[in-house]
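First to last, the protein sequences are chains A and B. When you line the first sequence up against our numbering, it's residues 787 to 1179, in that order. When you line the second sequence up against our numbering, it's residues 787 to 1179, in that order.
Number of protein chains: 2
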Amino acid sequence: MALVYTIKIKHIIMQHDYNQEALDLHKKNKGKIEIISKVRLDNKDDLSRAYTPGVAEVCREIVRDSSLAREYTLKRNTVAIVTDGSAVLGLGNLGALASIPVMEGKAAIFKEFAGVDAFPICLDTQDTEEIIKAVKQLAPVFGGINLEDISAPRCFEIEERLRKELSIPVMHDDQWGAATVTLTALINSLKLRELNKEDARVVISGIGAAGVATARLLLSYGIKNITFCDSKGIIHNNRNDLTKEKKELLDGSTAERKEGTLVDAIKGAHVFIGLSKPKTLTKEMVRSMAERPIIFSLANPEPEILPEEAKESGAFIVATGRSDYPNQINNSLVFPGAFKGMLELGDKQFNNDVFVKIAIALSDYVTDISAEKILPSMFDKGVVELVSKTVQE
Amino acid sequence: MALVYTIKIKHIIMQHDYNQEALDLHKKNKGKIEIISKVRLDNKDDLSRAYTPGVAEVCREIVRDSSLAREYTLKRNTVAIVTDGSAVLGLGNLGALASIPVMEGKAAIFKEFAGVDAFPICLDTQDTEEIIKAVKQLAPVFGGINLEDISAPRCFEIEERLRKELSIPVMHDDQWGAATVTLTALINSLKLRELNKEDARVVISGIGAAGVATARLLLSYGIKNITFCDSKGIIHNNRNDLTKEKKELLDGSTAERKEGTLVDAIKGAHVFIGLSKPKTLTKEMVRSMAERPIIFSLANPEPEILPEEAKESGAFIVATGRSDYPNQINNSLVFPGAFKGMLELGDKQFNNDVFVKIAIALSDYVTDISAEKILPSMFDKGVVELVSKTVQE
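Dropping the structure here:
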């Protein structure tokens, strides 16, 4: 108990320090990104080439052949990070203005990790049709659309419609970034646990944006024995409150059809994937699982169960969404390289297969896997190249 | 004739060179701006401050006090350059995609001249209400809106409505940038010509976006004797095709009420301001003006009359929109500093008075005025500071 208590205190202190340090950093720098010129503008000749009159010829060329916008403008390398502020981190519906620091941070990561230019588009509307319309109107200057922190179920329709109605790639990162890294971690966990994907019994708790996408990728990969739980318990055919997405997942799963709560679902399972709420998994529930269970406790910042508690209860591998524990499920492993690859390709669209292939490539990339290291480091310079190349193949 | 012919050939050659050089520059650099991170992201601590978990506290602070978005994010220093591509340079309605090079060039100027971050928003709609709605939805992340290359008369309503419905400053640069520099040039021209503003007889040809704004600023400054001409000739009360804007201008002018064409309007005038079409002013028309007339021949790239032709016909001072003649009326003298000043102030709005004050300050700034130098150089580092300070006062 003393050990657990100490660790908890340590986390509270760390959290506090980052808060103040984050405020200081943001205030000192007045934000995190800036827009700079790549060309010199020191004299009239410079201006005549970069601006009038020379720029008119560049415009005329794009009128003649619209594909030249990719050659002559920022479009080729620029992604919009689009949010409506309805599901900001784990903080909920904060609105557009308060979501800016997250989107700006993401833009900084895009550039630092992958050399991709990204700009925050924080929309002052939460209406599905208006968001779709606004993104389509904005699209000309961008080579890709990263949807971010838009709440379920609206995020599904927005992504699906934009993929159909735009020619540039569209990806909701809360879905596919999280899902791809989770699948990566699971592939390596099953290797260590010496379980085939056909035999693994998986429970996913939390069927929001990330939960639905994770379930879809696991099914695509061939992990079919999945029991799904939402806030009302196990998802089963006798419930009359299921969304289109939940019904589809149920149809794809081969798990024994049970009714009940998460407590019932978890018994005998090999894998728990939590994308739900703090403290929804108890030590007793972990003890009721198959031996040496795999626990992905991904609620942020406070997980479904603390890693030390899971380990005490027999967990073999634990992953969280936090940077202060081993095995952080962090979508920064995927989105920078995924867009970098797509921008190289031009007008192609993301699909499930791409993300499954990225997960397989990333899992193979970790040559020294152990229970404390099931994922590559996001600071490994090879990761972005690997993901980008996988997308391009 | 030989001299004129040579000069024309020279212009054709220069134009050609800039075109190819502009294409080369754009292709080599793949556009002209990039988005970079102002913070290091080398390790987990860096990410914990710039992104999760630390960024959550920055979001929470903005929820508590929305004015902190200016302290903690890019909003403080970032301007949207918004166009619908309906009136790109003098090239007409090219649409959103082909307008990108111009907006990107403008963003480069914003940064290089004033340190302001600016991002191109090239909207794939030309509907007035949809543009207004899109800009309002986009506004949270920006500290100001620079409307650009939107055709008249829609540009008037879009600017007016956005100024009322947004708290951040909004300026249509084709109107106010052009108008402010024109007034600056005119103030100094009248000094050299030794004419009082009350006595100057002015003809403005072309009552589009720039023409309307120029007329409004001249009237605000106290130059009241203005005859307005559009493509149908002199604007007068007996015409039944006048827009709201044209009627207002007519009401504000003290010029003798004439009917007829530009040929009739120009007789005896001291000043011609052309914001219309190439070759609409002939040598004969210049000779019919008052002696030593002032000719602002601002159609771009080909002016209403070439400077050498105007001079041959007795013009005292000639200005154009071109960088290859003296006295270039270039709105780069105004917009970088105007937005820099407004961003410092926060939630204030542009109005006519601000632009008149900028024009007076800029005209006073040229201490060595001559017929060949009625404007400051846009490469003079003092210009942005002067304009910014004038706005803040």
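Using N, Cα and C, we set each Cβ at its ideal position, and we do this for glycine too.
Residue i versus residue j - alpha carbon distance
i, j, result
"S1156/B", "E980/B", "12 Å"
"V1173/B", "L1161/B", "14 Å"
"K796/A", "D1110/A", "Low per-residue confidence applies at K796/A: pLDDT is 47, beneath 50, and the placement is therefore not dependable, though the value from the model is reported in the following sentence. Near 10 Å, if we compare the C-alpha coordinates of D1110/A and K796/A."
"E1179/B", "S975/B", "26 Å"
"G1123/A", "H1056/A", "31 Å"
"V1140/A", "T1176/A", "8 Å"
"H812/B", "R846/A", "13 Å"
"F1136/A", "E943/A", "15 Å"
"D1037/A", "W962/A", "21 Å"
"G1046/A", "L948/A", "37 Å"
"A1051/B", "A893/A", "56 Å"
"V1104/A", "E1094/A", "9 Å"
"M957/A", "N1026/B", "54 Å"
"T914/A", "D1133/A", "24 Å"
"L1035/A", "A965/A", "14 Å"
"L1005/A", "D870/A", "29 Å"
"K1010/A", "D1016/A", "18 Å"
"R1078/A", "S853/A", "54 Å"
"F1121/B", "E1090/B", "25 Å"
"T859/A", "I936/A", "29 Å"
"E1171/B", "I1144/B", "11 Å"
Contacts that residue i makes with chain A (C-beta to C-beta distance below 7 Å)
i, result
"F905/B", "I821 and F905"
"R835/B", "Y804, E807, A808 and L811"
Beta-carbon spacing of residue i, residue j below 9 Å
i, j, result
"E890/A", "G817/A", "yes"
"L909/B", "V868/B", "yes"
"F1014/A", "K1032/A", "yes"
"A971/A", "S1118/A", "no"
"I1081/B", "V1072/B", "yes"
"S885/B", "V874/B", "yes"
"I1237/B", "L1048/B", "Beyond the ends of chain B as shown, which are 787 and 1179, falls residue 1237/B; an answer cannot be given."
"A855/B", "P906/B", "no"
"A1076/B", "G1054/B", "yes"
"Y1007/B", "K977/B", "no"
Neighbour flag for residue i against chain A, beta carbons, 9 Å
i, result
"L875/B", "yes"
"I798/B", "Any reading at I798/B needs caution, since the residue's pLDDT is 47, under 50, leaving its predicted position unreliable; the model's value is listed next. I798/B does not count as touching chain A."
"E916/B", "yes"
"S1017/B", "no"
"S1118/B", "yes"
"K794/B", "With a pLDDT of 47 at K794/B, under the threshold of 50, the modelled position of this residue cannot be trusted; read the value that follows with caution. No - not a single Cβ of chain A is within 9 Å of the one on K794/B."
Interface partners of residue i on chain A, CB under 8 Å
i, result
"S885/B", "C845"
"L827/B", "A894, I895, E898 and F899"
"A882/B", "P926 and V927"
Beta-carbon neighbours of residue i, restricted to chain A and to distances below 9 Å
i, result
"K824/B", "N815, K816, G817, K818, I819, E820 and A894"
"D910/B", "K922, Q923, L924, A925 and P926"
CB contact check: residue i to chain B, cutoff 9 Å
i, result
"T1029/A", "no"
"T1000/A", "no"
"S872/A", "no"
"A995/A", "no"
"Q801/A", "Caution is warranted here: a pLDDT of 46 is assigned to Q801/A, below 50, making its placement in the model unreliable, and no coordinate value can be reported."
Beta-carbon neighbours of residue i, restricted to chain B and to distances below 8 Å
i, result
"S1109/A", "K830, L833, S834, T838 and P839"
Near-chain A residues of the region 840–870 of chain B - C-beta to any C-beta below 8 Å: G840, V841, A842, E843, V844, C845, R846, E847, I848, V849, S852, A855, E857, Y858, T859, L860, K861, R862, N863 and T864
Short-range partners of chain B found in the region 887–898 of chain A, where Cβ spacing is below 9 Å: P887, V888, M889, E890, G891, K892, A893, A894, I895, F896, K897 and E898
Interface residues of the region 919–946 of chain B facing chain A [CB-CB below 9 Å]: K919, A920, K922, Q923, L924, A925, P926 and V927
Residues in the region 1160–1176 of chain A having any Cβ partner in chain B nearer than 7 Å: F1165
Cβ-based contacts, 8 Å cut-off: residues of the region 1133–1162 of chain A near chain B: none
Under 8 Å (Cβ pairs) to chain B, residues found in the region 1079–1092 of chain A: N1086 and P1087
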